[in-house]
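Q: What follows is a structure written as C-alpha cells; I'll ask about it next.
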Amino acid sequence: MPHDHIDVCYLAKLARLDLTEAEVAVFQTQLEAILGHVESLSAIDLPDDIKAADSRLGPLRDDKPHISLPPEAVLLNAPDQAQSQIRVPKVVADA
Amino acid sequence: MSLTSLRRRYLNGETTPSEVIAKLAEEIASRDPKTGAYLSHDLDHALKAVAQADLSKPLGGLPIAIKDNINTLGQPCTCGSQFLSKNYTSPYDATVIRKLKEAGAIPFGRMNMDEFAMGSATENSAFQNTRNPHDHDRIPGGSSGGSAAAVADGTAFAALGSDTGGSIRQPASHCGVVGLKPTYGRVSRFGLVAFASSLDQIGPLTRTVDDAALILQTIAGHDPQDSTSLDAPVPDYSAEIDLGVKGLRIGIPKEYFGEGIHPGVRENVGYRIKQLEGLGAEIIPISLPHTAHAVATYYVIAPAEASSNLSRFDGIRYGNRAPNPDDIIDLYHQSRELGFGPEVKRRIILGTYVLSSGYYDAYYTRAQKVRALITRDFKKAFEMVDVILSPVAPTPARKIGACAEDPLQDYLADIFTIPANLAGIPGMSVPCGTASFDGSDNLPVGLQILAPHLGEAIMLRVAKAAEGLA
Chain A
1 MPHDHIDVCY LAKLARLDLT EAEVAVFQTQ LEAILGHVES LSAIDLPDDI KAADSRLGPL
61 RDDKPHISLP PEAVLLNAPD QAQSQIRVPK VVADA
Chain B
1001 MSLTSLRRRY LNGETTPSEV IAKLAEEIAS RDPKTGAYLS HDLDHALKAV AQADLSKPLG
1061 GLPIAIKDNI NTLGQPCTCG SQFLSKNYTS PYDATVIRKL KEAGAIPFGR MNMDEFAMGS
1121 ATENSAFQNT RNPHDHDRIP GGSSGGSAAA VADGTAFAAL GSDTGGSIRQ PASHCGVVGL
1181 KPTYGRVSRF GLVAFASSLD QIGPLTRTVD DAALILQTIA GHDPQDSTSL DAPVPDYSAE
1241 IDLGVKGLRI GIPKEYFGEG IHPGVRENVG YRIKQLEGLG AEIIPISLPH TAHAVATYYV
1301 IAPAEASSNL SRFDGIRYGN RAPNPDDIID LYHQSRELGF GPEVKRRIIL GTYVLSSGYY
1361 DAYYTRAQKV RALITRDFKK AFEMVDVILS PVAPTPARKI GACAEDPLQD YLADIFTIPA
1421 NLAGIPGMSV PCGTASFDGS DNLPVGLQIL APHLGEAIML RVAKAAEGLA
C-alpha cells in the first residue's frame, strides 16, 4: 500500500474544490501523515475467508411511486429560481 | 433535573411546559454565552407548541435539544457549516423528530457541532467553539459537543446527537452526561444529514440512564424511508433496566487498557469494574485483537463515504452559491471552496484519494475487509460475555486548540469508540468519576458499555447499575 506522492491539487479538482496555495501546502503535510498511519492496514494478514464488509447489497424499498416533497418545499431553499424551477448558469457552451 | 423527574412534576401539577420553556430560555441567555452550546433557538415557536402539549403522552411537553444536522420542519439545519448558514430551512421533519413530536416532545434548540459532524472537539464548527461546562478552557468533545455541553450545563434536559465514530459517547464522557449510540439500523437516519452512511446513528444525550432509555424507546424502530433501518421489534427498554448485573458476564478487553491511557481514566474505570464485580457480575478478560487497526480503517471508510455524500453540496439546490461564477463548473468549485471549512475539505480529498482508480482496492476494499475482521472480533467476544466495558476516551477533555496543527492526534484519540461504529453494535457512555488532567481537577471520565447487535436492553441494564454506583 505505500502511497505515491499525493497530488492534492489534482484530487481537489476531482472533488470540485478550489484550494488556496496555503491550503494545498497544509493539506499535503497532513494527508501524508494520515496516509502514513493508514498504511498499517497493509501489514495485516487477511484470512482467506474474509470478505469486504460492504459486499452485501442492502435492502431496497419497493419500486413504487410515493408522495414526496411538494415543488414549493423543494424550491424553498433554492439559491436562484424562475418559473417554478431552479435556475443555474448556462451548462452547454456556445457553439 | 431529569426528563423523568420533569414529567413527574408536570403530572403532579407542580409546573407547566410553558413555564419550563420560558425558564430554559432564561438559562440559555444567562449561561450559554460562556458555553456556546446553542447555535439558535426559537422561543416563540416552542411556546406555541407547548400550548398544545398533551401531558398524557410519554414525552408530553418535554423540551429536547437537537443537534444541528437533524432536519426539523421550519428550523435551520446548518450542520455547523457556512454552506448551510443562510438560505436553508428544513422543509420536512426527520423521522426521529416526527417520532419525538408524536410522543409529545418539544424540539427546542439547534446545537453546535463540528462541521458535518467531522471532528471530536466541536472546534470545527464554522460559527463558534463550544466550551466544556466543567472548564471553559477545554473542549466538550465532539462532534455532538453542543448537545453534550448543554445537558451538562443545565441549559437542556436532554438532546439528540449523532455518532459516526464516537460523536455521542465521547462528548458525553467529556461533559459527564449519559450518551447512547444505538445499533446501526435501530434508529432511522432519514432526515439526518449524511456524513458516513454506513456508520452514522442518531441517539440521545441525557442526564440519566432512564432518560436515555425513554428517548431510545421513542425514536427506535423500522422506517420505510431508511432502507438500512432494521425491521426488528423494539423491546420495552425499561422492563429489565433495574435488574442489576448479578450473574452477567462482563468482558474486559486487554487492548482497551494498554499504553497511552491517562492514569485517572484507568483508575476510575477500573474501580467501577471492581464495584460491578462486587454486585455479582463475572469479570472475564477478553481480547479484541484488531482494535489497533480501527482508526486506520475508519479514516479510509468514513472519508470515502463523506466525499460521496457531500457531493450534493454543489450550490444548486440549497445552501451557499458563489456569486458571479464563470460557468456551472466554476459555480461548483467556488461554492464548495467558500462553503466548506478545512476539516471537511481535508476529508473530502482523502476520500477522493482512497476511492480513485488504482487505489480503491489497496485502500477501500482492504479497509472493508479489516472492518469485517473487527466485526468478527466482537462476534467471538460476545459468545463469551454479555457486555464489554472500557474507557470511552484515553484522557479527559483536552484544552481548546491543543491539536490545531495535527489532526491525526485527535483522530487517534477515537480508538475506543470507533470499533463499535465499524461493527454496527450499540455503545454507551456513563459518567464514571472525575480525574485531574493537564492542570485541571474534577474533569469527567466516562465508562463505555458495548453490547451485542440489538443488545440495547442489556446495555442499559449495566449502565443503570453503573450509574447507581456514582
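Which chain is which? The protein sequence lines are A and B, in order.
The working numbering puts the first sequence at residues 1 to 95.
The working numbering puts the second sequence at residues 1001 to 1470.
We put the beta carbon where it would ideally sit given N, CA and C, even for glycine.
So the beta strand (DSSP E) Thr1206(B) belongs to, where does it begin and stop?
A: For Thr1206(B), the enclosing beta strand (DSSP E) has its first and last residue at 1201–1206.
Q: Answer yes or no: does any C-beta atom of chain A fall closer than 8 Å to that of Thr1089(B)?
A: yes
Q: Does the beta carbon of Ser84(A) come closer than 8 Å to any beta carbon on chain B?
A: It does not; no Cβ of chain B falls within 8 Å.
Q: Would you call Met1001(B) buried or exposed, if buried means 16 or more other Cβ atoms sit within 10 Å of its Cβ?
A: Looking at its Cβ environment, which holds fewer than 16 other Cβ atoms inside 10 Å, Met1001(B) is exposed.
Q: Cβ closer than 8 Å: which chain A residues qualify as neighbours of Thr1417(B)?
A: Within 8 Å Cβ-Cβ: nothing; Thr1417(B) doesn't reach chain A, min ~17 Å.
Q: According to the Cβ coordinates, are Val1300(B) and Ile1418(B) closer than 8 Å?
A: no
Q: Short of 8 Å Cβ to Cβ, which residues in the segment 1142–1173 of chain B face chain A?
A: none
Q: Check the Cβ of Glu23(A) against every Cβ in chain B and list those closer than 8 Å, keeping chain order.
A: For Glu23(A), the chain B residues whose Cβ falls inside 8 Å of its Cβ are Pro1342, Lys1345, in order along the chain.
Q: Can you tell me where the beta strand (DSSP E) holding Ala1445(B) begins and where it ends?
A: The displayed chain sequence assigns Val, not Ala, to residue 1445(B). Element bounds for Val1445(B): 1440–1450.
Q: Is Ala1105(B) near Leu1055(B), with beta carbons less than 8 Å apart?
A: Between Ala1105(B) and Leu1055(B), the C-beta gap is not smaller than 8 Å, which leaves the two residues out of contact.
Q: Excluding the five sequence neighbours on either side, which residues of its own chain have a C-beta within less than 6 Å of the C-beta of Arg1249(B), listed in chain order?
A: Glu1282, Ile1284, Val1385, Asp1386
Q: I need the straight-line Cα distance from Pro1342(B) to Glu23(A), nearest angstrom please.
A: 8 Å
Q: What is the rounded straight-line gap between the Cα of Ile953(B) and the Cα of Ala1463(B)?
A: Because chain B is modelled from 1001 through 1470, residue 953(B) falls outside the range shown and cannot be assessed.
Q: Name the chain B residues that come within less than 7 Å of Ile44(A), Cβ to Cβ?
A: His1293, Val1370
Q: Report yes or no: do the segment 1131–1141 of chain B and the segment 1393–1407 of chain B share at least 3 C-beta pairs separated by less than 8 Å?
A: yes
Q: Excluding the five sequence neighbours on either side, which residues of its own chain have a C-beta within less than 7 Å of the C-beta of Asp1200(B), listed in chain order?
A: Ser1162, Thr1164, Arg1189, Leu1192, Ala1194
Q: Cβ of His1333(B) less than 8 Å from any chain A Cβ?
A: yes
Q: Where does Leu1039(B) fall in DSSP's three states?
A: strand
Q: With a cut-off of 8 Å on the beta carbons, I'd call Ile1388(B) and Leu1450(B) a contact; round off their distance for me.
A: 4 Å
Q: Quick check: Asp1414(B) and Ser1120(B), are their CB atoms within less than 8 Å of each other?
A: Going by C-beta atoms, Asp1414(B) is nearer than 8 Å to Ser1120(B).
Q: Residues of chain A with a CB under 8 Å from the CB of Asp1093(B): which are they?
A: Under the 8 Å cutoff, chain A gives no residues; its nearest Cβ is about 12 Å from Asp1093(B).
Q: Going by CA-CA distance only, name the one from Ser1357(B), Ala1152(B), Gly1061(B) that's closest to Ala1046(B).
A: Gly1061(B)
Q: Leaving out five residues on either side along the sequence, give the residues of the same chain with a beta carbon under 8 Å from the beta carbon of Ile1241(B).
A: So the qualifying residues of the chain are Val1209, Asp1210, Ala1213, Ala1457, Leu1460, Arg1461, Lys1464.
Q: Below 7 Å on C-beta distance, what does Ala1296(B) contact in chain D?
A: Looking at the structure shown, chain D is missing, and the protein chains on hand are A and B.
Q: Could you check if Arg61(A) is buried or exposed, using at least 16 other CB atoms within 10 Å of its CB as the buried criterion?
A: With fewer than 16 other Cβ atoms within 10 Å, it is exposed.
Q: Less than 7 Å between C-beta atoms, sequence neighbours within five positions excluded: which residues of the same chain meet that for Ile1028(B)?
A: Tyr1038, His1041, Thr1155
Q: Going by DSSP, which residues form a beta bridge with Ser1162(B)?
A: Ile1202(B)
Q: Which residue marks the beginning of the beta strand (DSSP E) containing Leu1257(B), and which one marks its end?
A: At residue 1257(B) the sequence reads Phe, which differs from the Leu that was named. No beta strand (DSSP E) holds Phe1257(B); DSSP gives it neither H nor E.
Q: Thr1228(B) versus chain A: which residues are under 7 Å apart at the beta carbon?
A: Gly58
Q: With a threshold of 8 Å between beta-carbons, can Thr1078(B) be considered close to chain A, or not?
A: no
Q: Would you check if the segment 1094–1101 of chain B and the segment 1170–1190 of chain B touch, i.e. whether three or more CB-CB distances between them fall below 8 Å?
A: yes
Q: My understanding is that Gly1080(B) touches Ala1126(B), with C-beta atoms under 8 Å, so please give their C-beta distance in whole angstroms.
A: 6 Å
Q: Is it buried or exposed for His1174(B), if we count other Cβ within 10 angstroms and need 16 for buried?
A: buried
Q: Can you give me the start and stop residues for the beta strand (DSSP E) that Cys1432(B) sits inside?
A: In the DSSP assignment, Cys1432(B) falls within the beta strand (DSSP E) that extends over 1427–1437.
Q: Check whether the Cβ atoms of Leu1471(B) and Pro1253(B) sit closer than 8 Å, and answer yes or no.
A: Look at the range of chain B in this structure, 1001 to 1470, and you will see that residue 1471(B) is not part of it.
Q: Using a cut-off of 8 Å between C-beta atoms, extract the partners of Thr1365(B) located in chain A.
A: Ala52
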